[in-house]
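Each residue of the sequence shown is one higher than the one before, counting from 9 in my numbering.
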Amino acid sequence: MVDPVLSFAISIALLMGLLMIKQEIHVAVLASAILFGVLTLGISFFESTFKGIFSMGTLSLLVAFSSAFFLSYMMKISGILDRITNFAISLGPKFASIFIPILIGLIPVPGGALVSAMMMKEHYMERQRLDSNFATFVNYWFRHVVMPIWPIAQWIIMASVILNTSIVRIIKATYPAAIASWIAGLLLFFPRISKFNSSFERDKVSYRALVNFWPFLILVILTFVIGFPIYLSLLISALIVTVHARPSKREVKEGLKFALSFKILTVVIAVNMFIRYVYDSNAALALYNFMVSRSIPALPLCFLINFMVGISTAGEYVFTGMTFPLLSEIIGTSSNIKDIFLLVSYTGGYLGVMLSPVHLCLVLTLEYYKARYSGVYKYLVPAVAISLILTILISLL
């Protein structure tokens, strides 16, 4: 078996190589995940793959994805998405460009960036006339700017349990990352959006359009008031909206075809396989030992270990669950939490996740907008760099 750190480097090289020769994204992600599993697990690869594919977590994620996409499709054909989008646009085209992704980001839907991508495609491509790479960046980045401080974000809930503290206490430490990501996104957004020729005539604002947010309200009530798991809430919401939309048989068939897209579901399964490989191979511990053996100081260690796990697993709750227990002696627990170590640890993971080429939101938006990694990373890398610098500066105030 090959060292997990080296295996990760090799698998990422394969991923990038396949994408450079214009291989399909779902094929590249699956091949990269399988290679990582084979290198790190040897013969145990088969057992780990079985667990990764047929776990309850994978099943619930597939149901959540399919339900979310079917829900968005039904909202589209019923006119709900168009009315919400038009309402946001009536408040201003630039406002709409970032408002819709942020709105979707408030609901922790797996791969939710695809929902906002669907809602905004006409606005980005035809009204604002953005190129697919910049549109992908805007949708992807602003979908995640609330994550550092959103109380119902999975990572915050998990961190509060691991560190034995309150959600408010977590947010008090991580808010600089939220401010920094907002500023970074806006700094890249406004100068560049003015370069595109907008074809837009503002309609009169009608606040009656707010009633069209009812599907989101149902989802919030089911998930956060009643307490249903997100996959069940999405499934119920999709059924309710379908009854409201009264689609034809052809529309139902098209909706199912979209929701059960082979490429999208393959990516979901591949990413879950990859996460399982990381867990079963103790890759997080290997990364930790890799850093410690080189006598890296505590703050850089907190950042780098989370950054590497974040970029490899592409999940905030994943890096939190895998690294925070290892770093709890450094970060502190209960009333002894050290804000700077918690902030640096989270920022490392958060920015790693945002840069991850296997992040589902990024992969799905790339696929939907037919964008290229190289074109999107032209904006994404500066955004991450600016966010890191600003987070450090804000934390020093």
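We put the beta carbon where it would ideally sit given N, CA and C, even for glycine.
Problem set entry | Reduced DSSP secondary structure (H/G/I, E/B, other) of Ile229 | helix
For this session: Run through the stretch 231 to 272 for me and flag every whole beta strand (DSSP E) of 3 or more residues, listed as ranges in chain order.
Result: none
For this session: Determine, using beta carbons only, whether Leu14 comes closer than 9 Å to chain D.
Result: No chain D appears in this structure, which consists of one protein chain only.
Exercise. Hey, Asn297 and Gly356 are a contact pair by Cβ (cut 8 Å); roughly how many whole angstroms apart?
Worked result: Actually they do not touch by this definition, with Cβ atoms about 17 Å apart.
Problem set entry | Cβ-based burial, Ala278 [other Cβ within 10 Å; buried from 16] | buried
Exercise. Between the C-alpha atoms of Tyr354 and Met166, what's the straight-line distance to the nearest angstrom?
Worked result: 12 Å
For this session: Indicate the three-state DSSP secondary structure (helix, strand or coil) for Ala322 in the structure shown.
Result: coil
Exercise. Between the C-alpha atoms of Ser52 and Val276, what's the straight-line distance to the nearest angstrom?
Worked result: 21 Å
Exercise. Taking the alpha-carbon positions, what's the Ser98 to Ala217 distance?
Worked result: 11 Å
Exercise. For the stretch 385 to 397 against the stretch 136 to 147, are there 3 or more C-beta pairs whose distance is under 8 Å?
Worked result: Short answer: they touch.
Exercise. What residues in its chain sit with their C-beta under 6 Å from that of Ala125, if we drop five residues either side in the sequence?
Worked result: Asn147, Thr373 and Tyr376
Problem set entry | Close beta carbons around Ser75, own chain, < 6 Å, minus the five adjacent residues each side | If we look at Ser75 and ignore the five residues flanking it on each side, its Cβ neighbours are Leu242, Leu243 and Ala246.
Problem set entry | Cutoff 6 Å; reference Ser364; Cβ partners in own chain excluding five residues on either side | Ile319 and Ala322
For this session: Could you pull out every unbroken alpha helix (DSSP H) segment of at least 4 residues lying fully inside the stretch 23 to 69, listed in chain order?
Result: 33 to 49 and 53 to 61
Exercise. If you pair each beta-carbon of the stretch 153 to 163 with each one of the stretch 182 to 189, do three or more pairs fall below 8 Å?
Worked result: yes
Problem set entry | Cβ neighbour criterion (16 or more within 10 Å) applied to Glu55 | exposed
For this session: Return the chain-ordered list of same chain residues with a C-beta closer than 7 Å to the C-beta of Thr57, the five sequence neighbours on each side being excluded.
Result: Gly45 and Met281
Problem set entry | Val10 versus Ile42: straight-line alpha-carbon distance, rounded | Annotation: Val10 to Ile42 spans about 14 Å, alpha carbon to alpha carbon.
Exercise. With C-beta atoms as the reference, is Gln136 less than 9 Å away from Pro109?
Worked result: Contact: no.
Problem set entry | Closest residue to Pro223 among Lys30, Ile248 and Lys265 (Cα-Cα distance) | Ile248
For this session: Check Ser98 in the structure and name its three-state DSSP category.
Result: helix
Exercise. Over what stretch of residues does the alpha helix (DSSP H) that includes Arg216 continue unbroken?
Worked result: Run containing Arg216: none; DSSP gives neither H nor E here.
Problem set entry | Proximity to Tyr285 [Cα-Cα], best of Val317, Val260 and Phe270 | Val317
Exercise. Got a sec, what are the start and stop residues for the alpha helix (DSSP H) Glu134 sits in?
Worked result: Glu134 -> no alpha helix (DSSP H), and no H or E assigned at all.
For this session: Give me the Cβ distance between Met299 and Leu309, rounded to the nearest whole Å; I'm assuming they're in contact under 8 Å.
Result: 5 Å
Problem set entry | Residue burial classification, Ser189 (beta-carbon count within 10 angstroms, cutoff 16) | buried
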